[in-house]
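Numbering (mature numbering (1 follows the signal peptide of the UniProt record, and there is no 0)), first residue to last: -22 to -1, 1 to 510.
Using N, Cα and C, we set each Cβ at its ideal position, and we do this for glycine too.
Here the structure comes first, spelled out in structure tokens, and everything after it is commentary.
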Amino acid sequence: MAAFPFLSASFVLLQLALTCLAQHLNLTTGPLHLTGHTPGDGCVHLPIIHSTNTDHFARRGIQLALNNRSDVAYYAQLEIGTPPQTVYTQLDTGSFELWVNPDCTTVSPSDSSFCDHIGFYNASLSSTSKSLGTSKTLRYGIGAANISYVTDTISLSGSSTSLKDIQFGVATSSKDAFSGILGIGYGQGLATKYPNFIDQLYAQKITKVKAYTLALGSKTAQQGSIVFGGVDTSKFAGPLGRLPIIPAEDSPDGVPRFWVQMNGISLTPPSGQSMGVYEGSKIPAFLDSGSTMTILPPALANKIAEDFGSPEMDANGFYRVGCGYVEMNGTMDFEFVGAGQKVTVRVPYKEMIREVGQGESKMCFLGIMGSESFTLLGDTFLRSAYAVFDFQTNSIWLTQATSCGNTPAALRDVTDLSRVVGNCQIQLGEKEAVVDVVSETSIAPPTGSTGDTDGVTGTGGNGSGNGGTRTAWGFVTTTLAVPMATGLAGVGGSGSGSMSATALDSSGRSMAGDVVLSAAVAVGAAVLGSLL
């Protein structure tokens, strides 16, 4: 949901290109049979170029006043029409439609330069453009756009591949939007009355599966990775946890979004002693790359802010905190349950703290806000997560994000996701996070009426132990310790027993899976906090 004024941000560019590799993934039951990287082979890789790459932006004549910006928004470069016209749009998992041509006179002065240079589409200059004669108003948390629908060809930058007759909106007016938006949420039959961008990637056989993976990268990383129709196993370690998407009729707002069930939020300060799960944090939330901030119920946001030494919001609704937190090793921990999975994503303080300005004028703010309207996990959360948005089984596959290279690869079927294991290795002595893979349950598909709104629980095994021992009750689990210091998540152990060096075979592989380890010692959940 491209929704808030704090989306005034340092900018990130996604260049669309078919660069997926023909490689074998590291699987628990054998490799996938992957295709190549020619058009139609099933994988579209979108490298994320961060705003610190000044050469990249200079080539496009975009000058940004980055010193006064603290956040990152994520953009896709599209080539629209015949001949192609270059347009940048914000990538948004929280909405459903593509539109272009914002009104730059309605944005703040700090955003107007970027807005003026993002590229504008002129239908009269395209030989493949067709007006549909229909219009609509798209409303976001903050901001809106009045659009008229057209169809045209959209080329994927850097390749000869293109999508034909794609329906999208051309803004006749807009407010508080410094770019168009590429909504990559649910489409026809659920959220739109026509096949949207995601629908068309699959329908036109650009991808073999209706799914994409998102790894935004940290605030300081040079680039992240988004792959339509595939995964990048160099962006995580261990297997992925499977969470069902809550059906629209059971969701808080009745809209088919990427709603998942949170099992709690907690803090692990630098001391390593977890402060326990916050009251009121076992709630649904949806994943939204279009929001810089993570939005929580006011009482919950206030309590978390108090623990960061910020007892009240400022006039803009932000929680100001000490900039010293950026240098601390604590984490804000988000636990999820559902579909037999229990997943914890640990967000380092440095990713949850927003830094504004430089030097003596620098100020820092907590990356959460309070709202009575909805709960969403925005970029301050997503930068620490690796997420697969699976439209075919209506699931989010989630784990901790990291990076050990770039190896995007096509999926032939979404059932392969249960066998995919990340390539990143475990480094001895690093702090650990744990993801428990429990048992499988059925997944209910999302339902909902087609409309104009844009914009399960399970129980994991309880760990206890001392030193290198982890014991689980209630479920058969597999536990693998994974480093927190690099933003990884672990994957879970087997039944009850010890997870030490005896849990690895002679080749260094986890006996519970096919993950190659450099060296690791598993710990009990009961003593996990003391090791962080």
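For the alpha helix (DSSP H) that contains residue i, what are its first and last residues?
{"i": "F314", "result": "First-last for F314: T309 to G316, but that is the beta strand (DSSP E), not the alpha helix (DSSP H)."}
{"i": "K153", "result": "Per DSSP, K153 belongs to no alpha helix (DSSP H); it is in the beta strand (DSSP E), S140 to K153."}
{"i": "S178", "result": "The identity of residue 178 in the sequence shown is Gln, whereas the question assumes Ser. Note, Q178: alpha helix (DSSP H), F175 to A181."}
{"i": "C93", "result": "P87 to H95"}
{"i": "F359", "result": "D357 to L360"}
{"i": "Y327", "result": "Y327 to M330"}
Going by alpha carbons, who is nearest to residue i out of the options?
{"i": "G20", "options": "L179, P61, T170 and S86", "result": "L179"}
{"i": "G337", "options": "F343, C301, T371 and V315", "result": "C301"}
{"i": "Y52", "options": "T270, V398, N372 and V321", "result": "T270"}
{"i": "R332", "options": "E290, G242 and F296", "result": "F296"}
{"i": "G242", "options": "D368, V366 and M310", "result": "M310"}
{"i": "D368", "options": "T211, Q239 and R220", "result": "R220"}
{"i": "S113", "options": "T211, E75 and Y303", "result": "E75"}
{"i": "S381", "options": "K328, G250 and T211", "result": "T211"}
{"i": "K197", "options": "T322, E57, A363 and T246", "result": "A363"}
{"i": "R298", "options": "F286, I223, E305 and N307", "result": "F286"}
{"i": "G348", "options": "E305, P276, T385 and Q370", "result": "P276"}
{"i": "G161", "options": "S105, T84, D89 and A54", "result": "A54"}
{"i": "F314", "options": "E329, E290 and M240", "result": "M240"}
{"i": "D228", "options": "S91, D143, L218 and I261", "result": "I261"}
{"i": "I176", "options": "V398, V22 and E350", "result": "V22"}
{"i": "Y118", "options": "E290, V323 and D70", "result": "D70"}
{"i": "L395", "options": "G163, S91, E290 and A365", "result": "A365"}
{"i": "I144", "options": "Q166, N174 and Y164", "result": "N174"}
{"i": "S107", "options": "S90, F312 and I58", "result": "I58"}
{"i": "M306", "options": "A293, E329, M291 and D292", "result": "E329"}
{"i": "C93", "options": "Y99, V85 and N100", "result": "V85"}
{"i": "M253", "options": "S351, I374 and F312", "result": "F312"}
{"i": "R397", "options": "L218, I120, S91 and S339", "result": "L218"}
{"i": "S351", "options": "Y99, G163, I120 and A199", "result": "I120"}
Could you check whether residue j and residue i sit closer than 7 Å to each other, using their CB atoms as the reference points?
{"i": "F359", "j": "V334", "result": "no"}
{"i": "F156", "j": "T185", "result": "no"}
{"i": "T67", "j": "T131", "result": "no"}
{"i": "G400", "j": "G216", "result": "yes"}
{"i": "W77", "j": "G158", "result": "yes"}
{"i": "L168", "j": "P234", "result": "yes"}
{"i": "T353", "j": "A263", "result": "yes"}
{"i": "G72", "j": "G268", "result": "yes"}
{"i": "L194", "j": "R361", "result": "yes"}
{"i": "L141", "j": "Q182", "result": "yes"}
{"i": "K153", "j": "A122", "result": "yes"}
{"i": "P62", "j": "S133", "result": "yes"}
{"i": "G308", "j": "T246", "result": "yes"}
{"i": "N372", "j": "I273", "result": "no"}
{"i": "G356", "j": "D266", "result": "yes"}
{"i": "L376", "j": "V304", "result": "no"}
{"i": "T64", "j": "G97", "result": "yes"}
{"i": "K188", "j": "Q403", "result": "no"}
{"i": "A317", "j": "G208", "result": "no"}
Along the beta strand (DSSP E) that carries residue i, what are the first and last residues, could you check?
{"i": "K108", "result": "K108 to R117"}
{"i": "K171", "result": "From DSSP, K171 is part of no beta strand (DSSP E); its letter is neither H nor E."}
{"i": "M341", "result": "M341 to L344"}
{"i": "I159", "result": "G158 to G161"}
{"i": "A388", "result": "P386 to A388"}
{"i": "T64", "result": "Q63 to D70"}
{"i": "F367", "result": "A363 to D368"}
{"i": "N401", "result": "V398 to N401"}
{"i": "I374", "result": "S373 to Q378"}
{"i": "V392", "result": "Taken as a continuous stretch (DSSP letters only), V392 belongs to no beta strand (DSSP E), as it is neither H nor E."}
{"i": "L76", "result": "L76 to V78"}
Which complete alpha helix (DSSP H) runs does the region 259 to 285 hold, if anything under 4 residues is left out?
276 to 285
Could you tell me whether the region 143 to 153 touches the region 121 to 128, using the rule of 3 or more Cβ pairs below 8 Å?
yes
Per the contact definition of three or more C-beta pairs closer than 8 Å, is the region 246 to 264 in contact with the region 272 to 284?
yes
Quick check: the region 336 to 353 against the region 384 to 397, are at least 3 beta-carbon pairs closer than 8 Å?
no
Which runs of the beta strand (DSSP E) spanning at least 3 residues fall entirely within the region 185 to 254, listed in chain order?
Along the length of the region 185 to 254, whole beta strand (DSSP E) runs at least 3 residues long occupy 189 to 193, 201 to 206, 208 to 210, 215 to 217, 219 to 222 and 237 to 246, reported in chain order.
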